[in-house]
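Just below is one structure, and these are the notes that go with it.
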Amino acid sequence: MPAFENFNVKTTIDCKQGAVRAVRYNVDGTYCLSCGSDKKIKLWNPVSGLLLKTYGGHADEVTDAAGSCDSSYIVSASLDKSIIYWDVSTGAPVRRLRSHAGGVRCVCFNEDSSIAISGGRDNAVMCWDIRTRRLDPVQVMKEARDCITTVATNENRIYAASLDGCVRTYDIRVGELTCDKVGEPITYLAQTSDEQCLVAGCQDSVVRLLDCETGGLLFEYRGHRGDDYHIECGILSNDAHIVTGSSDGDAFVYDLLEGKILQRIRISDNGGVVHSLATHPKRQEMLFARRRDMYVFSTDLQIEEEQL
Numbered sequence: 001m002p003a004f005e006n007f008n009v010k011t012t013i014d015c016k017q018g019a020v021r022a023v024r025y026n027v028d029g030t031y032c033l034s035c036g037s038d039k040k041i042k043l044w045n046p047v048s049g050l051l052l053k054t055y056g057g058h059a060d061e062v063t064d065a066a067g068s069c070d071s072s073y074i075v076s077a078s079l080d081k082s083i084i085y086w087d088v089s090t091g092a093p094v095r096r097l098r099s100h101a102g103g104v105r106c107v108c109f110n111e112d113s114s115i116a117i118s119g120g121r122d123n124a125v126m127c128w129d130i131r132t133r134r135l136d137p138v139q140v141m142k143e144a145r146d147c148i149t150t151v152a153t154n155e156n157r158i159y160a161a162s163l164d165g166c167v168r169t170y171d172i173r174v175g176e177l178t179c180d181k182v183g184e185p186i187t188y189l190a191q192t193s194d195e196q197c198l199v200a201g202c203q204d205s206v207v208r209l210l211d212c213e214t215g216g217l218l219f220e221y222r223g224h225r226g227d228d229y230h231i232e233c234g235i236l237s238n239d240a241h242i243v244t245g246s247s248d249g250d251a252f253v254y255d256l257l258e259g260k261i262l263q264r265i266r267i268s269d270n271g272g273v274v275h276s277l278a279t280h281p282k283r284q285e286m287l288f289a290r291r292r293d294m295y296v297f298s299t300d301l302q303i304e305e306e307q308l
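Numbering of the sequence shown is given in UniProt numbering, commencing with residue 1 and proceeding in unit increments.
The structure is reproduced here in structure tokens:
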């Protein structure tokens with residue numbers, strides 16, 4: 001396992017879009033997105049902190065966003081019950097999709113970005129064929145009994161986490177649903193890059209490592225505080241470390257195998273919930289959201305290499 005290097009703050013960005021609801025990297029980590037309570041999405045260079053583009057068109061807070069596999073398009077979710085498919089370069093909405101009966105909490109693309117998958121407060125997961133002009137979802141899954149907090153996908157499966165305490169796995173190849181009961185409201189779900197495990201952030205201040213094949217619990221990570229907030233978690237690109245936000249203004253990095261806290265990252269001395277985060281797809285780098293700011297953290301080693 002690679003040696004752990006401590007993370008240090010590299011850039012702090014005042015996003016100037018009210019409260020930042022979510023931060024996300026694009027597919028290769030060159031750019032990042034921030035979703036705001038001001039109903040806008042902003043595209044940034046995370047290294048320089050330069051604002052590249054602003055996307056406005058939602059009628060309520062933006063809760064999530066994802067970039068396509070070629071970084072040409074963005075799909076965003078909002079409490080206005082809609083999903084918008086954006087052209088990155090022009091900043092114009094290509095398509096607005098409405099079928100959810102409540103606010104949309106989460107959204108992602110499939111591997112070739114031909115399908116967008118959304119989850120909402122109406123307990124529904126919807127799949128949208130965004131390359132056609134069809135405005136209705138191609139599939140609706142309504143098995144959950146509470147709000148969908150995360151949707152994630154790989155080549156063969158769609159994962160949906162819900163506040164009803166279950167992770168539902170939809171096997172696309174054989175059309176089967178598997179429901180794994182965690183027992184606590186799940187606020188976020190992330191996949192390891194080898195697609196063998198899921199990391200589930202839960203409202204009881206525990207992050208749980210789950211086996212994708214069996215749904216079994218492999219490990220629990222404790223030390224951070226959830227306090228009923230929707231706090232996100234993630235896995236660093238080396239699949240060796242788990243990171244989570246916390247309600248006390250910190251973030252925590254855990255050893256995946258041993259579960260011990262490797263670093264408690266002080267994001268701010270004046271509190272504020274660290275609720276959203278994103279891990280870089282290739283480098284030892286992370287984004288955190290707290291109040292109106294986005295923070296870029298990377299390892300000492302990486303900062304030194306970039307200064308050479």
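Ideal Cβ positions, reconstructed from N, Cα and C, are used throughout, including at glycine.
Note that this is a predicted model, so its numbers are computed, not measured.
Can you check whether the CB of residue j is closer than 8 Å to the CB of residue i?
i	j	result
I186	I158	no
N110	T178	no
I83	W128	yes
G245	S205	no
V274	F297	no
V62	K39	yes
I148	G119	yes
G226	G249	no
T192	I235	yes
Determine which residues share a DSSP beta bridge with residue i and list them.
i	result
S48	BP columns for S48 are empty, so no partner.
A101	According to DSSP, A101 bridges with nothing at all.
A289	S276 and M294
R95	Y85
F109	A116
L210	L198 and L217
T178	T169
V62	S78
Y229	Bridge partners of Y229: none, in fact.
C32	Y25 and W44
N8	S298
Answer with buried or exposed for residue i, where buried requires no fewer than 16 other C-beta atoms within 10 angstroms of its C-beta.
i	result
K260	exposed
L308	Residue confidence is low: L308 scores 38 on pLDDT, short of 50, so the model does not pin down where it sits. Its coordinate-derived value is still stated next. That one is exposed.
V167	buried
V253	buried
E304	Caution is warranted here: a pLDDT of 41 is assigned to E304, below 50, making its placement in the model unreliable, and the coordinate value is therefore given only provisionally. By the 10 Å Cβ count, E304 comes out exposed.
L135	exposed
E176	exposed
V151	buried
A124	buried
A3	exposed
R95	buried
T132	exposed
V182	buried
R24	buried
Please report the distance separating the alpha-carbon of residue i from that of residue j.
i	j	result
V207	C233	8 Å
K16	S113	29 Å
A22	T214	30 Å
L217	A92	43 Å
L257	V243	13 Å
I267	I74	28 Å
I115	A66	12 Å
D122	D194	31 Å
A101	G36	21 Å
R290	A19	8 Å
Y188	A278	12 Å
D269	F7	17 Å
A77	A144	19 Å
E5	E220	22 Å
H241	V9	18 Å
I231	S247	8 Å
A160	V107	11 Å
P137	I130	9 Å
Y85	L198	27 Å
S72	V88	5 Å
R283	T90	29 Å
V27	Y229	27 Å
D146	L163	5 Å
V174	K53	41 Å
V140	L209	27 Å
Using CA coordinates, which residue listed in the options is at the minimum distance from residue i?
i	options	result
H58	I41, G49 and I74	I41
residue 309	R98, E155 and D180	Since the displayed the chain opens at 1 and closes at 308, residue 309 lies outside it and no answer follows.
D64	G102, H241 and L33	L33
I30	S48, D38 and D14	Contrary to the premise, residue 30 reads as Thr rather than Ile in this sequence. Closest option to T30, Cα to Cα, is S48.
L79	Q203, K282 and R98	R98
residue 310	L209, Y85, V182 and D14	Only positions 1 to 308 of the chain appear in this structure, which leaves residue 310 out of reach.
G223	C202, L210 and D239	C202
C212	G226, E285, D227 and A190	A190
N238	H280, S89, Q139 and D228	H280
E155	D146, S162 and T169	T169
D60	R105, P46, D70 and S68	R105
With a threshold of 8 Å between beta-carbons, can residue i be considered close to chain D, or not?
i	result
T178	Here chain D cannot be found, since the structure has a single protein chain.
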